[in-house]
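Protein chains in written order, with UniProt numbering: chain A, 1 to 390; chain B, 1 to 390; chain C, 1 to 390; chain D, 1 to 390. What follows is a set of notes on a single structure, which appears directly below.
Protein chains: 4
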Amino acid sequence: MKQAITIDDTILHFQHVRKTSEQICSLLQTEDYVVQPVAEVSPPKWHLGHTTWFFETFLLKVYAPHYKEFDPTYNYVFNSYYESIGARVIRTDRGNLSRPTVQDIYRYRRYVDEAMVTFMQENASNAKIIDLIILGVNHEQQHQELLYTDIKYILGHNPLLPAYQTDYPRNLSTSEKEEMIVVKEGIYEIGYRGDGFCWDNELGRHKVYLAQFEISSMLVTNGQYLEFMEDGGYQNFNHWHAEGWDWIKQQHLVSPLYWHYIDGQWMHYTFRGLEPVHTDTPVCHVSYFEAYAFAAWKGMRLPTEFEWEVASPNFDWGLRWEWTESAYLPYPHFSKAPGALGEYNGKFMVNQHVLRGASEVTPIGHSRNTYRNFFQTNQRWQFTGIRLAR
Amino acid sequence: MKQAITIDDTILHFQHVRKTSEQICSLLQTEDYVVQPVAEVSPPKWHLGHTTWFFETFLLKVYAPHYKEFDPTYNYVFNSYYESIGARVIRTDRGNLSRPTVQDIYRYRRYVDEAMVTFMQENASNAKIIDLIILGVNHEQQHQELLYTDIKYILGHNPLLPAYQTDYPRNLSTSEKEEMIVVKEGIYEIGYRGDGFCWDNELGRHKVYLAQFEISSMLVTNGQYLEFMEDGGYQNFNHWHAEGWDWIKQQHLVSPLYWHYIDGQWMHYTFRGLEPVHTDTPVCHVSYFEAYAFAAWKGMRLPTEFEWEVASPNFDWGLRWEWTESAYLPYPHFSKAPGALGEYNGKFMVNQHVLRGASEVTPIGHSRNTYRNFFQTNQRWQFTGIRLAR
Amino acid sequence: MKQAITIDDTILHFQHVRKTSEQICSLLQTEDYVVQPVAEVSPPKWHLGHTTWFFETFLLKVYAPHYKEFDPTYNYVFNSYYESIGARVIRTDRGNLSRPTVQDIYRYRRYVDEAMVTFMQENASNAKIIDLIILGVNHEQQHQELLYTDIKYILGHNPLLPAYQTDYPRNLSTSEKEEMIVVKEGIYEIGYRGDGFCWDNELGRHKVYLAQFEISSMLVTNGQYLEFMEDGGYQNFNHWHAEGWDWIKQQHLVSPLYWHYIDGQWMHYTFRGLEPVHTDTPVCHVSYFEAYAFAAWKGMRLPTEFEWEVASPNFDWGLRWEWTESAYLPYPHFSKAPGALGEYNGKFMVNQHVLRGASEVTPIGHSRNTYRNFFQTNQRWQFTGIRLAR
Amino acid sequence: MKQAITIDDTILHFQHVRKTSEQICSLLQTEDYVVQPVAEVSPPKWHLGHTTWFFETFLLKVYAPHYKEFDPTYNYVFNSYYESIGARVIRTDRGNLSRPTVQDIYRYRRYVDEAMVTFMQENASNAKIIDLIILGVNHEQQHQELLYTDIKYILGHNPLLPAYQTDYPRNLSTSEKEEMIVVKEGIYEIGYRGDGFCWDNELGRHKVYLAQFEISSMLVTNGQYLEFMEDGGYQNFNHWHAEGWDWIKQQHLVSPLYWHYIDGQWMHYTFRGLEPVHTDTPVCHVSYFEAYAFAAWKGMRLPTEFEWEVASPNFDWGLRWEWTESAYLPYPHFSKAPGALGEYNGKFMVNQHVLRGASEVTPIGHSRNTYRNFFQTNQRWQFTGIRLAR
C-alpha cells in the first residue's frame with residue numbers, strides 16, 4: 001500500500017532541495033557566481049535565480065491570487081528558453097549581467113520561499129498544484145547537477161585552477177568484477193511505470209524487441225582510456241564519425257576535458273584541484289564522439305538506451321552519465337503538456353544523444369533507470385562516461 | 001531460378017549509367033558545370049570527375065597492373081571525403097576550380113571508360129571485382145540524383161532563373177485515394193534480403209517490434225502545406241523543435257525552398273523555370289524541421305523508418321524522398337567494410353535523419369524499400385517530401 | 001624658473017592617483033567588477049590589477065633587487081598586450097575570470113603600493129626610475145578614463161539599467177557662443193614641447209602647412225544630432241563611408257550608443273540612469289563613421305588633428321573626445337622606446353582615427369592640446385563627440 | 001598649344017580599350033571566366049560585363065533617347081557598389097553566377113559597343129558626354145589591371161597551377177643604381193594639375209610642408225626580402241603593427257603571396273607558371289603590413305604619398321604599385337560628384353592605405369605621378385611592392 005505523502009513532507013522536501021542549491025554554492029566566492037566562460041555554462045547566480053523564477057512563474061503568479069511579483073525585470077533575466085513566457089536574455093549573455101547581484105538573488109529566494117510555504121499550506125489538497133511543486137523541485141534538482149558541472153568548468157578553466165573543496169570526496173571506482181552480462185533476446189517494456197514523479201519523456205511505456213546482447217558490468221576506466229590515447233586513438237580517423245573527426249581536429253583535442261599533460265604525466269582538474277589521473281577511476285568528461293570512437297577501437301559498441309534500461313538491474317550505475325547509441329527521440333505516443341511546460345523536453349528531441357544512469361553529482365533521490373538525459377554529441381562538460389556493449 | 005548476369009550485361013549497364021550522367025549534363029552551358037553556390041552543392045563537372053575517379057581509384061589503380069593514371073593531380077581534386085586516399089580539395093573550394101576544364105573531364109571519362117571495358121573483359125569471372133564495379137555503378141547513380149539536385153540549385157539561385165529544360169515533364173500527383181493505412185502490432189523484419197546489390201547500411205536484417213500504427217496512402221500536397229503556411233505555421237514556435245525554430249528565424253524562412261511570393265501568388269522555381277505552385281502536387285524541398293512542424297500542426301507525426309518499410313508495399317512511393325522520425329543509426333551488427341570503402345556510410349551515422357523511398361530524379365532501378373537515404377535536419381535542396389503517420 | 005618636483009611630491013601624486021582608481025570603483029557591487037559584455041570592455045577588477053601589474057613588472061621586478069613577486073600567475077592574468085612579457089589571457093576571456101577575486105586584487109594593490117613607496121624613497125634621485133614612475137601614473141590615469149567608460153557600458157547594457165551614481169553631476173553645455181573661428185594659412189608647429197610628461201606619439205615636434213580654415217567654437221549638440229536623425233541621416237547612404245554604411249545596416253543602428261526610443265521620446269542611459277536626451281548637451285558616444293556622416297550631412301567636415309591643435313587655444317575643449325579627419329599615423333621621426341614599453345603606442349598606428357581633446361571623465365591634469373587619443377572608426381563606447389570645420 | 005582631340009580619336013581610343021579587355025581574356029578557358037576564389041577577386045566575365053554596364057548605365061540609358069536596354073536583369077548582376085543604381089548581387093556571390101554566360105556577355109559587349117559608337121558620333125561636340133566617355137574608358141582600364149590580378153589569383157590558386165601564358169615577358173629589374181635621393185625641406189604642391197583626365201581624388205591641388213627626407217632610387221628586391229624572411233622577420237613581433245602581427249599569425253603567413261617553399265627552394269607562381277624566385281626582381285604581392293614590417297626591420301620607413309609624389313621625377317617607377325605610409329584620406333576641398341558617380345572614390349576614404357606609381361599590368365597611358373591607388377592594409381593580390389625612405 002502506497003503511503004500518503006503529507007503536505008508537511010512536501011514542504012520539508014521543498015525546503016531541503018532549496019537549501020541544497022545554496023549549500024552547493026556556499027563554497028564559492030561572489031565572483032564565481034557571475035561568469036560564463038562558454039555558452040553552455042550558466043553563471044551559478046543565474047541557476048539560483050532561474051530555479052526561483054520557475055516557482056514564481058509557474059505557481060505563484062498563476063495560482064496565488066495575492067502574490068506580488070518580486071521584481072518584474074527578473075522575468076526577462078531568468079527565463080531560460082520558454083518562448084511562451086516572453087522575451088529573455090539570450091543565453092550567451094548570461095555572463096554579462098552583474099545585476100541582479102548575488103545578494104539580490106538570495107533575497108529573491110527568501111521572498112519566493114516564504115510565499116511558497118504559505119502557498120503550499122493553502123493548497124495542501126490541490127493535487128494539480130502539488131504535482132507542479134514536485135515538478136519544480138525536480139527541476140531544481142536538475143539545476144543542482146548543472147551547478148556542479150558549471151562550477152567545475154568555471155574553476156577548472158581559470159588560470160589559477162582553484163579547488164572547489166580541497167577535501168571533496170574522491171570518486172571511488174566500483175568494486176564490481178568486470179564481466180560481460182548477457183541479456184536474452186525478447187520483447188521488453190521500456191519507460192516509466194509507477195506513481196512517483198517522472199519526466200514526460202520517460203512516459204509512454206512501450207514494447208521493444210531486443211536481440212540477445214552483452215553489456216559490461218563496469219564503466220570504462222581512465223586506465224583503459226589512456227590505452228586508447230596511447231594507441232593513437234585521437235590520430236586515427238577510422239574510429240571516428242566524420243563529424244567527430246572534424247571536431248577533434250578543429251579543436252585540437254587529444255584527451256578528455258580537464259586533462260593536462262604536464263612534465264610527462266597526465267593530470268586532471270578535479271574539485272580538489274589539479275591531480276594525477278587515477279587509472280582505475282571511471283573515465284569522465286568525454287563526448288559521445290569520444291565514447292563512440294573508444295568503443296570502435298575496442299571492437300565493441302555503445303548500448304542502445306533500451307538495452308541499457310533492460311540490463312541496468314544487473315550492474316551498478318550512478319557514477320557517470322553513460323552515453324548510449326540512441327538518438328534522443330520521442331517515445332511512441334509522447335505528447336507535450338499544454339502551455340509553457342510543454343516546452344520542457346519535447347522541443348529538444350533532435351540532434352542529441354541519450355545518456356542513461358546518473359552521476360556522482362546527481363542529487364540523491366533524483367535518479368531512475370528510466371531517466372533520459374540528453375546532450376549534443378560534442379558536449380563533455382557533464383560527468384559523462386562509457387559502458388561498452390556488443 | 002536466378003538468371004546469370006553475364007559480363008556483357010555488366011559492361012552494357014556500366015556504359016548505360018556512364019552515358020546517363022553525361023546526358024543529364026547535356027543541357028548545361030559550360031559555365032553551369034563550374035559553380036558552387038553553397039557548400040552542400042558540388043559543381044556538375046566535379047560530379048563527372050569524381051565518379052570517374054572512383055572507378056580509377058578503387059579498381060584500375062588497384063587491380064589493373066598496366067593501367068597508367070590519367071593525371072596524378074586529379075586524385076587531389078576529385079577525392080570527396082576518403083581520408084584513406086590522402087589529401088583533397090576542401091569541400092567548400094570545389095567551386096573555385098576552373099581547371100581541369102569540362103573538356104578535360106570528358107577526356108578523363110573517355111580514358112577511364114575505355115580502360116574499364118578492357119578491364120571488365122579481362123576480369124569477367126572475378127566476383128570480387130564485379131561486385132566493386134556494381135558498387136561504382138550504384139555510386140554513380142547516387143551522383144546522378146545529386147546532379148539533378150545541384151543543377152536545380154545552381155539555376156534556381158541564379159538571378160536570371162533560367163530553365164533547365166522548358167519541356168521537362170511535370171510531376172504528376174499520385175492517383176491514390178487519401179486514406180490511413182492500418183498496420184497491426186507485431187514483430188517485423190527490417191533490412192535488405194536478397195542477392196542483388198544493396199548498401200552496407202541496409203544489411204543486418206533484424207527484428208523490430210512495432211505497435212499498431214496508421215500511415216497515409218498519400219504524400220502531403222502543396223495545397224495542404226499552404227494551409228499550414230496560411231495558418232501561421234512558420235510563426236508559431238509550438239510546432240517546432242527549438243533548433244528548427246532558431247534556424248527558420250535566423251534564415252528568415254517562411255516557405256519551402258524555391259518558393260517566391262510574387263504579386264500575391266506563390267510561385268516556385270522548377271526545371272521548367274518559374275511557375276505557379278500547383279496545389280495537388282506533393283510538396284517538395286522541405287527540411288526535416290519543416291516536415292516535423294507540419295506533422296505537429298496536423299496533430300500527427302512522421303513515421304519511423306521501420307514503420308515506413310513495413311507499410312511501404314501498401315502505398316505508392318518514389319516521387320519524393322520521405323523524411324522519417326528516425327535518426328540515422330547503424331543497424332544491429334552493422335560493420336564497416338575494410339579499407340577506404342568502409343568510409344562510405346558508417347562514418348556519417350550521427351546527427352542526421354533517415355529518408356525513405358526515392359524521388360522523381362532517382363535513376364530507374366536505383367530504388368528499394370530498404371534503401372536508407374540521410375541528410376542533416378536543415379537540408380532541403382533534395383527532392384524531399386512528407387508522409388504522415390499516427 | 002621651473003620649480004623642482006621633490007620625491008615626496010611624486011609619492012603623494014602616485015598615492016593620489018592609485019587612490020582615485022579605487023574611488024571610481026567604490027560605487028560598484030562586487031559583481032560589477034567581473035563582467036565583460038563586449039571584447040573592447042575590460043572588467044573593472046582587471047583594470048585595477050593591470051595597472052598594478054604595470055608597476056610591478058616595469059619597476060619592482062626590474063629595479064628593486066629584493067622585491068618578491070606577489071603571485072607569479074598574475075603576470076599571465078594582467079598582461080594586456082605586451083608580447084615581450086610573455087603569454088597572457090586573451091582579451092576576450094578577461095570576463096571569464098572569477099579569480100583572482102576583487103579582494104585578492106585590492107590586496108595586490110596594497111602590497112605593490114607599499115613596495116613602491118619604499119622603492120621611490122630609495123630611488124629619489126634616479127631620474128630614469130622617476131620617469132618610469134611618472135609613466136606608470138599616466139598609464140593608470142588612462143585606465144581611470146577606461147574604468148568610467150567600461151563601467152558605463154557594463155551598467156548601461158544591464159537589463160536593469162542601474163545608475164552608477166544617482167547624483168552624478170550633469171554634463172553642462174559650454175557657455176560659448178557658436179561661431180566659426182578662422183585660422184589663417186601658414187606653417188605651424190605640431191607636437192609636444194616642454195619638459196613635462198607626454199606620450200611618445202606626441203613627440204617629434206614638426207612643421208605642417210595649413211591652408212586657411214574655419215572651425216566651430218562649439219561641439220555639436222544632441223539637438224543638432226537629432227535633426228540629422230530626423231532628416232533620415234541613418235537611412236541615406238550618401239552621407240556615409242561605404243564601410244560605415246555596411247556597419248550601421250548590419251548593426252541596425254539609428255542613433256548614438258545608449259539612446260533608446262521609448263514611448264515617443266529619445267532617452268539615453270547616463271551615470272544617473274535612464275533620462276531624456278537634453279538637446280543642448282554635446283552629443284556623445286558616436287563613432288567616427290557617425291561623426292563623418294553628420295558633418296557630410298551638414299555640408300562641412302571634421303578638422304584634421306593638425307587644424308585642431310592649432311585652433312585649440314581659441315575654443316573650450318575637454319568635454320568630449322573629438323573625432324578628427326586624421327588617421328592615426330606616426331609623426332616624422334617617431335621612434336619606439338626599446339623593450340616592452342616600445343609596444344605602448346607605435347604598434348597601433350594603423351587603421352584607427354585620431355581623437356583630440358579630453359572628456360568629462362578624463363582625470364584632472366591628464367589632458368594637453370597635443371594629446372593624441374585613437375580608436376577604430378566604429379568604436380563609440382568612449383565619451384566621443386563632434387566638432388565641425390570647413 | 002594643346003592639340004585638339006577629335007571625336008574620331010576618342011572613338012578609336014574607346015575601341016582600343018574595349019578590345020584590350022577582351023585580349024587579356026583571350027588566353028582563358030571558359031571556366032576561368034566564372035570562378036571567384038576569394039571575396040576580393042571578381043570573375044573575369046563579371047569584369048567584362050560590369051565595364052559594359054558602366055557605359056550602358058551612365059551614358060546610353062541616360063543620354064541616348066532611343067537606346068533599348070540589352071537585358072534589364074543585367075543591372076542587378078553587374079552593378080558593383082552603386083547604391084544609387086539599385087539592388088545588386090552581393091560581392092561574394094559573383095562567383096555563383098553561371099549565367100549570363102561568357103558568350104552572352106560578349107554579345108552584350110558587341111551590342112553596347114555598337115550603340116556607343118553611334119552615340120559618340122551623335123554627340124561629338126558635347127563636352128560633358130565626352131568627359132563621361134573618357135571616365136568610362138579610364139574605368140575600364142582600371143578593370144584591365146584587376147583582370148590581370150584576378151586571373152593570376154584564379155590560376156595561381158588552382159591545384160594544377162596552370163600558366164596564363166608560357167612566354168609571358170619576364171619582369172626585368174630596373175637598371176638604376178641603388179642610392180638614397182635627398183629631397184630638401186620646403187613647401188610643395190600636391191595633386192593633379194593639367195587638362196587631361198584625372199580622378200576626383202587627385203584634385204584639389206594643395207600645398208604641403210615637407211621636412212628634408214631621403215628616398216631610395218630602387219624598389220626592394222626579392223633578394224632583400226628573403227634576407228628579412230631568413231632573419232626571422234615573420235617571427236619577430238617587434239617589426240609589426242599589432243593588427244598585422246595578429247593577421248600573419250592567424251593566416252600562418254611566412255612569405256609574400258604566391259610563394260611556395262618546395263624541396264629547399266623558394267618558388268613563386270607567375271603568369272608563366274611556377275618558377276624559382278629571382279633575387280634581383282622587385283618583390284611583389286606584399287601587404288602594407290609586410291611592407292611596413294620590412295621597413296622597420298631595415299631601420300627605415302615607407303615614404304608618405306606626398307614625399308613620393310615630390311620625389312617621383314627623380315626615380316623610375318611603374319613596375320609595382322608602391323605602398324606609402326599615408327592613409328587614404330580626402331585632399332582639402334575634395335568634393336564628391338553629384339549622383340551615382342560621386343560614389344566612385346569618396347566613400348572608400350577610410351581604413352585603407354595609399355599606393356603610388358603603377359604596376360607591370362597597368363595599361364599603358366593609365367599612369368600619372370599624382371594617381372592615388374588604395375587598398376586595405378592586408379591585401380596583397382595586387383602587384384604591390386616596397387620603396388624605402390628615411
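For each residue, glycine too, the CB sits at the ideal point set by N, CA and C. Values in this document were obtained by computation on a predicted structure and should not be read as measured data.
Fill in: Stretch pair the segment 17 to 28 of chain A + the segment 68 to 83 of chain A: three plus CB contacts closer than 8 Å
The segment 17 to 28 of chain A is not in contact with the segment 68 to 83 of chain A.
Worksheet item: Closest Cβ-Cβ distance between N238(C) and chain D: below 9 Å?
Response: Using a CB distance cut-off of 9 Å, N238(C) counts as an interface residue toward chain D.
Item to complete: Could you give the DSSP three-state label for R110(D): helix, strand or coil?
Response: Of the three classes helix, strand and coil, the one that applies to R110(D) here is helix, per DSSP.
Discussion item. Quick check: is the beta carbon of Q144(C) nearer than 9 Å to any beta carbon in chain A?
Written reply: For Q144(C), the answer is no, since every Cβ of chain A falls outside 9 Å of its Cβ.
Worksheet item: Roughly how many angstroms separate the alpha carbons of T362(B) and Q379(B), rounded to a whole number?
Response: For T362(B) and Q379(B), the distance between alpha carbons rounds to 18 Å.
Worksheet item: Which first and last residues belong to the beta strand (DSSP E) in which T270(D) is found?
Response: Counting along the chain, the beta strand (DSSP E) containing T270(D) begins and ends at Q265 to T270.
Discussion item. Is the separation between the beta-carbon of N96(C) and that of H50(C) shorter than 9 Å?
Written reply: No, these two residues do not count as a Cβ contact at 9 Å.
Discussion item. For the structure I just gave you, are there three or more beta carbon pairs, one from the segment 196 to 203 of chain D and one from the segment 333 to 345 of chain D, closer than 8 Å?
Written reply: Yes: at least three Cβ pairs fall under 8 Å.
Worksheet item: So, H239(D) versus V350(C), is the Cβ gap smaller than 9 Å?
Response: A distance of 9 Å or more separates the beta carbons of H239(D) and V350(C).
Worksheet item: Y81(A) versus chain B: which residues are under 9 Å apart at the beta carbon?
Response: Those are A242, listed as they occur along chain B.
Worksheet item: P276(B) lies in the beta strand (DSSP E); which residues open and close that run?
Response: G273 to P276 is the extent of the beta strand (DSSP E) around P276(B).
Fill in: Between the CA atoms of K152(B) and E145(B) - distance to the nearest angstrom
If you take the alpha carbons of E145(B) and K152(B), they lie about 11 Å apart.
Worksheet item: On the three-pair Cβ rule with 8 Å, is the segment 271 to 291 of chain C touching the segment 240 to 260 of chain C?
Response: Contact holds: three or more Cβ-Cβ distances are below 8 Å.
Discussion item. For K249(D) and E214(D), what's the separation of their Cα atoms in angstroms?
Written reply: Within the model, the alpha-carbon separation for K249(D) versus E214(D) is close to 33 Å.
Worksheet item: Heavy atom of the ligand FMN less than 8 Å from the Cβ of T6(C), yes or no?
Response: The ligand FMN is not part of this structure, which contains no ligands at all.
Item to complete: Would you kindly check if the distance between the Cβ of P169(A) and the Cβ of G273(A) is under 9 Å?
Response: Their beta carbons are not under 9 Å apart, which means G273(A) does not touch P169(A) by this criterion.
Worksheet item: Starting from N75(D) and walking both ways along the alpha helix (DSSP H), at which residues does that stretch end?
Response: Element bounds for N75(D): Y74 to F78.
Discussion item. On the CB-based measure, 16 or more other CB atoms within 10 Å of its CB, does S26(A) come out buried or exposed?
Written reply: Its Cβ having fewer than 16 others within 10 Å, S26(A) is exposed.
Worksheet item: Would K207(C) count as contacting chain D if we go by Cβ distances under 9 Å?
Response: Interface residue, yes.
Worksheet item: So which residues on chain A does T384(C) lean against when the C-beta distance must stay under 7 Å?
Response: Within chain A, no C-beta atom comes less than 7 Å from the C-beta of T384(C); the nearest is roughly 22 Å away.
Worksheet item: Along the chain, which unbroken stretches of the alpha helix (DSSP H) at least 4 residues long are found entirely within the segment 304 to 335 of chain B?
Response: Taking only runs of at least 4 residues, the alpha helix (DSSP H) segments lying wholly in the segment 304 to 335 of chain B are 305 to 311.
Worksheet entry | Near-chain B residues of the segment 24 to 47 of chain D - C-beta to any C-beta below 7 Å | Under the 7 Å Cβ criterion, the segment 24 to 47 of chain D contributes Q29, T30, E31, D32, V34, V35 and P37.
Fill in: Under 9 Å from the C-beta of F348(D): neighbouring residues of chain C
Here the neighbours are H241, A242 and E243.
Worksheet item: Just how far apart, CA to CA, sit L257(B) and W381(B)?
Response: Each residue's CA atom was taken as its position, placing L257(B) and W381(B) some 7 Å apart.
Worksheet item: Under the DSSP definition of a beta bridge, which residues are partnered with L216(A)?
Response: The question names Leu, yet the displayed sequence has Ser at residue 216(A). Bridge partners of S216(A): M180(A).
Practice prompt. Report the option in W259(B), T10(B), Y111(B) and I133(B) whose CA atom is closest to the CA atom of E69(B).
Written response: Nearest C-alpha to E69(B): Y111(B).
Worksheet item: What's the C-alpha gap between V41(A) and V89(A)?
Response: One Cα belongs to V41(A), the other to V89(A), and the distance between them is close to 14 Å.
Discussion item. I'd like to check one pair, G385(B) with W308(B): are the Cβ atoms closer than 9 Å?
Written reply: The answer is no: Cβ separation not under 9 Å.
Discussion item. Please return the same chain residues whose Cβ sits closer than 7 Å to the Cβ of A39(A), not counting the five positions on each side in sequence.
Written reply: Within the same chain, A39(A) has close Cβ partners R91 and T92.
Discussion item. Please report whether the beta-carbon of D150(C) lies at a distance below 9 Å from any beta-carbon of chain A.
Written reply: Not an interface residue.
Discussion item. Measuring alpha carbon to alpha carbon, tell me which residue in P303(C), A340(C) and I134(C) is nearest V183(C).
Written reply: For V183(C), the nearest C-alpha among the options comes from P303(C).
Worksheet entry | Cβ shell of A87(D) (< 7 Å), same chain only, five flanking positions each side left out | Taking A87(D) as the centre and dropping the five residues before and after it, the same chain places the C-beta of Y76 closer than 7 Å to its C-beta, in chain order.
Worksheet item: Are the segment 113 to 128 of chain B and the segment 318 to 329 of chain B touching, with three or more C-beta to C-beta distances below 8 Å?
Response: A contact between stretches requires three or more CB pairs, one per stretch, nearer than 8 Å, and the segment 113 to 128 of chain B fails this requirement with the segment 318 to 329 of chain B.
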